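Peer 1: What the sequence shown shows, in the UniProt record's numbering, is residues 1 to 450, in sequence order. For every residue, glycine included, the Cβ atom is placed at its ideal position computed from N, Cα and C. For clarity, every value in this text was computed on a predicted model and none was experimentally measured.
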Amino acid sequence: VVTGQQAGVLTGPLYTIYKAAAAVKLARELTRQGMKAVPVFWIPSEDHDFQEIRSVLVQGKEGLPVKIEVADKSSGQPVERIPFSKEEGERLIQELDRETPATEFKGEILETLRDTARRSETFTRWFALLMTRLFKGTGLILFNPLIPEIRKGAGGLLASLGLQGEKIQGLLSTREKELEERGYHVQVNREKEHLNLFAFLPGGRAALLNQDGQVVTRQGNNLGEIEEVAKKIENNPGEFGPGVLTRPLMQETLLPTLSYVAGPAELSYFAQLMPLYEHFHLRPPVLYPRPSLTLVEPRMRRFMEKYSLSREDLFDLEQVRQNYLEEKGSRELKELFQGVERNIRKEYDALGQELIKIEKGLGDLTQKNLGRVMKEVDYLKKKAREALKDKNEKALSHFKILEESVLPGGELQERKYNIFPYLIKYGPGFMDKLKKEFPLEPGHHFFEVV
1 VVTGQQAGVL TGPLYTIYKA AAAVKLAREL TRQGMKAVPV FWIPSEDHDF
51 QEIRSVLVQG KEGLPVKIEV ADKSSGQPVE RIPFSKEEGE RLIQELDRET
101 PATEFKGEIL ETLRDTARRS ETFTRWFALL MTRLFKGTGL ILFNPLIPEI
151 RKGAGGLLAS LGLQGEKIQG LLSTREKELE ERGYHVQVNR EKEHLNLFAF
201 LPGGRAALLN QDGQVVTRQG NNLGEIEEVA KKIENNPGEF GPGVLTRPLM
251 QETLLPTLSY VAGPAELSYF AQLMPLYEHF HLRPPVLYPR PSLTLVEPRM
301 RRFMEKYSLS REDLFDLEQV RQNYLEEKGS RELKELFQGV ERNIRKEYDA
351 LGQELIKIEK GLGDLTQKNL GRVMKEVDYL KKKAREALKD KNEKALSHFK
401 ILEESVLPGG ELQERKYNIF PYLIKYGPGF MDKLKKEFPL EPGHHFFEVV
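Quick look at the structure:
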């Protein structure tokens with residue numbers, strides 16, 4: 001049972017943990033049913049997008065999101081080849097220490113981070129060691145496809161991607177047309193010349209294109225004829241890698257995959273690449289949608305009880321705010337000012353009619369004067385609203401904390417926050433509970449932290 005995610009610092013966002021937990025749970029269930037299944041976490045160590053993995057969001061002491069990150073080391077090289085220093089790890093750990101509260105568990109958690117950082121020479125290695133610690137006892141296997149002994153098994157497939165580039169492009173084009181005709185969105189946009197292959201060159205990872213039988217890069221490097229490059233790939237597969245649409249084929253070549261735990265975007269691109277399985281005589285895995293979780297902490301529960309909020313209310317806190325302020329006088333205030341504005345306009349209309357009889361130009365002057373008066377009324381209305389908000393500031397701050405806990409920056413908690421602040425607050429027991437009680441059913445779930 002395979003899943004995977006980029007090797008983010010401190011393990012990246014929560015859904016990385018959830019993917020691994022889902023694979024563990026699914027493998028156990030399949031084993032219970034009589035199959036021999038183990039959970040495998042595929043670390044995409046070939047990935048070159050360092051920006052994607054260098055930062056992580058934590059919920060700070062005040063309940064608001066704070067970004068912590070390592071220095072930008074973007075070089076275009078695979079993450080596996082980007083060196084990691086103990087000093088960088090220590091700086092990141094110190095930032096995490098500053099942004100999280102003091103608890104009885106903090107020392108132990110920070111020491112785990114320091115111990116694993118000391119033993120890591122790459123970001124991939126640190127990620128793997130942390131995941132191994134977090135999933136100790138579950139049987140989760142961390143799989144790095146760039147390990148030379150493993151990579152040898154992919155040489156034939158990678159060479160075939162080059163040799164059969166035109167055929168593959170034709171199959172993908174036909175499939176994409178079918179999907180679009182059925183009203184589906186095509187997840188991955190492709191270039192017609194792209195061989196769905198990359199080379200790891202001194203200047204970074206480079207896409208390989210077929211130009212009249214020659215394999216070239218966008219930077220103008222010519223690697224030779226397709227047949228010649230295919231031989232290079234087969235002899236040295238560690239210097240080449242698949243594209244996003246062909247990585248799953250390498251997975252099937254290297255692993256006897258029964259099921260793949262996939263996120264929403266992955267499910268979409270699997271639909272796009274299905275014809276390639278048949279072409280390469282590979283069996284596609286059963287796609288298992290990753291369960292989605294929202295962690296509900298004790299403070300969140302207290303606020304929910306205090307303001308009689310349901311779990312569903314957590315995803316519409318703007319409406320909750322409006323309802324609360326209306327209940328506390330916002331509606332009455334609005335109606336009061338509407339009445340005042342109507343009366344002023346009515347009186348000014350009557351005044352204007354009388355003044356026109358004296359002098360025609362006084363009508364325009366009356367309207368200008370009305371505009372100035374209404375501006376003053378608007379100013380007073382704004383101040384009254386601010387005073388009402390100040391009066392209810394405590395409740396509004398609670399709603400803000402709830403909002404940033406559930407939807408930081410408007411995105412799901414699992415896509416933004418990291419696991420370690422929760423471990424600092426609630427200890428290793430939280431991770432044990434998560435592994436034990438992680439829901440197997442796809443869909444969204446609320447998970448009580450303690």
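Between threonine 246 and asparagine 189, is the Cβ-Cβ spacing less than 8 Å?
Peer 2: No, Cβ-Cβ distance for threonine 246 and asparagine 189 is not below 8 Å.
Peer 1: Just verifying my parser: in three-state terms, what is the DSSP assignment at residue 456?
Peer 2: Coverage of the chain is limited to positions 1 through 450, which leaves residue 456 absent and any answer about it impossible.
Peer 1: Measure the CB-CB distance between valine 58 and glutamate 99 and report whether it falls below 8 Å.
Peer 2: Yes, these two residues count as a Cβ contact at 8 Å.
Peer 1: Would the beta-carbon of asparagine 418 fall within 8 Å of that of lysine 328?
Peer 2: Contact flag unset, no.
Peer 1: Comparing alpha-carbon positions, which option in Arg28, Val2, Leu396, Asn210 lies nearest proline 439?
Peer 2: Taking only the C-alpha atoms, the option nearest proline 439 is Arg28.
Peer 1: How big is the Cα-Cα spacing for serine 45 and proline 145?
Peer 2: So the alpha carbons of these two residues sit roughly 7 Å apart.
Peer 1: Sort Leu370, Lys192, Val38 by Cα distance to threonine 138 and report the nearest one.
Peer 2: Checking every option, the nearest Cα to that of threonine 138 belongs to Val38.
Peer 1: Looking only at its chain, what residues have a beta carbon closer than 6 Å to the beta carbon of phenylalanine 337, apart from the 5 residues adjacent to it on each side?
Peer 2: Result list for phenylalanine 337: Lys381, in chain order.
Peer 1: Going along the chain, which unbroken runs of the beta strand (DSSP E) with 3 or more residues stay wholly within the stretch 180-223?
Peer 2: Listed in chain order, they are 194-201, 204-211, 214-216.
Peer 1: Return the CA-CA distance between glutamate 225 and methionine 250, expressed in angstroms with no decimal places.
Peer 2: Their backbone Cα atoms lie some 23 Å apart in a straight line.
Peer 1: Whole angstroms are fine: how far does the CA of glutamine 94 sit from the CA of glutamate 111?
Peer 2: Each residue's alpha carbon lies about 11 Å from the other.
Peer 1: If you check the beta carbons only, do phenylalanine 270 and glutamine 77 fall under 8 Å apart?
Peer 2: Their beta carbons are not under 8 Å apart, which means phenylalanine 270 does not touch glutamine 77 by this criterion.
Peer 1: On the criterion of 16 or more Cβ atoms from any shown chain inside 10 Å, does threonine 124 qualify as buried, or is it exposed?
Peer 2: Classification for threonine 124: buried.
Peer 1: Going by DSSP, name the residue or residues bridged to serine 55.
Peer 2: Glu69, per the DSSP bridge assignment.
Peer 1: Does the distance from the CB of leucine 434 to the CB of alanine 21 come in under 8 Å?
Peer 2: In this structure, alanine 21 lies closer than 8 Å to leucine 434 by Cβ.
Peer 1: Go ahead and pull the three-state DSSP assignment for leucine 255.
Peer 2: DSSP places leucine 255 in coil when its eight states are reduced to three.
Peer 1: Can the beta-carbon of glutamate 193 be found closer than 8 Å to that of valine 186?
Peer 2: Not a contact, by the Cβ cut-off of 8 Å.
Peer 1: Would you identify the three-state DSSP class for residue 456, choosing helix, strand or coil?
Peer 2: Outside the modelled stretch of the chain, which goes from 1 to 450, sits residue 456, for which no answer is possible.
Peer 1: Tell me which residue opens and which closes the beta strand (DSSP E) that phenylalanine 446 is part of.
Peer 2: Element bounds for phenylalanine 446: 444-448.
Peer 1: Report the option in Arg81, Asp97, Arg175, Pro83 whose CA atom is closest to the CA atom of valine 66.
Peer 2: Of Arg81, Asp97, Arg175, Pro83, the residue nearest in Cα terms is Asp97.
Peer 1: When the distance is taken between beta carbons, is arginine 119 closer than 8 Å to leucine 129?
Peer 2: Yes. Within cutoff.
Peer 1: So does the stretch 198-213 actually touch the stretch 236-246, counting three or more Cβ pairs closer than 8 Å?
Peer 2: Flag = yes, the stretch 198-213 and the stretch 236-246 touch.
Peer 1: Just how far apart, CA to CA, sit leucine 295 and glutamate 326?
Peer 2: Roughly 29 Å separates the two Cα atoms.
Peer 1: Let's test the definition: count the other Cβ atoms within 10 Å of the Cβ of phenylalanine 399 and tell me whether it reaches 16, buried, or not, exposed.
Peer 2: The residue is buried, with at least 16 neighbouring Cβ atoms inside 10 Å.
Peer 1: So what does DSSP say about glutamate 225, is it helix, strand or coil?
Peer 2: Looking at glutamate 225 - three-state DSSP - the assignment turns out to be strand.
Peer 1: Can you say whether alanine 265 is buried or exposed, counting buried as having 16 or more other CB atoms within 10 angstroms of its CB?
Peer 2: Exposed.
Peer 1: Whole angstroms is fine: what's the gap from glycine 363's alpha carbon to arginine 372's?
Peer 2: Roughly 15 Å separates the two Cα atoms.
Peer 1: Count the other C-beta atoms from every protein chain shown that fall within 10 angstroms of the C-beta of leucine 49, then say buried if there are 16 or more, exposed otherwise.
Peer 2: A quick correction: the sequence has aspartate, not leucine, at residue 49. So aspartate 49 ends up on the exposed side.
Peer 1: Relative to the alpha-carbon of lysine 235, which residue among Met304, Phe303, Ala159, Asn343 has its alpha-carbon at the smallest distance?
Peer 2: Note that residue 235 corresponds to asparagine in the displayed sequence, not to lysine. Comparing Cα positions, the closest option is Ala159.
Peer 1: Starting from the Cα of aspartate 316, find the closest Cα among Leu273, Val340, Pro408, Gln353 and give me that residue.
Peer 2: Checking every option, the nearest Cα to that of aspartate 316 belongs to Pro408.
Peer 1: What separation, rounded to the nearest whole angstrom, lies between the Cα atoms of glutamate 176 and proline 291?
Peer 2: Going by the C-alpha atoms only, they are around 27 Å apart.
Peer 1: With burial defined as no fewer than 16 other Cβ atoms inside 10 Å of the residue's Cβ, what is the status of threonine 116: buried or exposed?
Peer 2: Buried: at least 16 other Cβ atoms inside 10 Å.
Peer 1: Once the 5 residues before and after residue 451 are set aside, which same chain residues still bring their CB inside 6 Å of it?
Peer 2: Here the chain comprises residues numbered 1 to 450, so residue 451 is not present and cannot be evaluated.
Peer 1: According to DSSP, threonine 103 sits in a beta bridge with which residue or residues?
Peer 2: Paired residues: none, contrary to the question.
Peer 1: Compare the Cα-Cα distances from tryptophan 42 to each of Val320, Lys152, Thr16, Phe303 and report the closest residue.
Peer 2: For the residues Val320, Lys152, Thr16, Phe303, the minimum Cα distance to tryptophan 42 belongs to Thr16.
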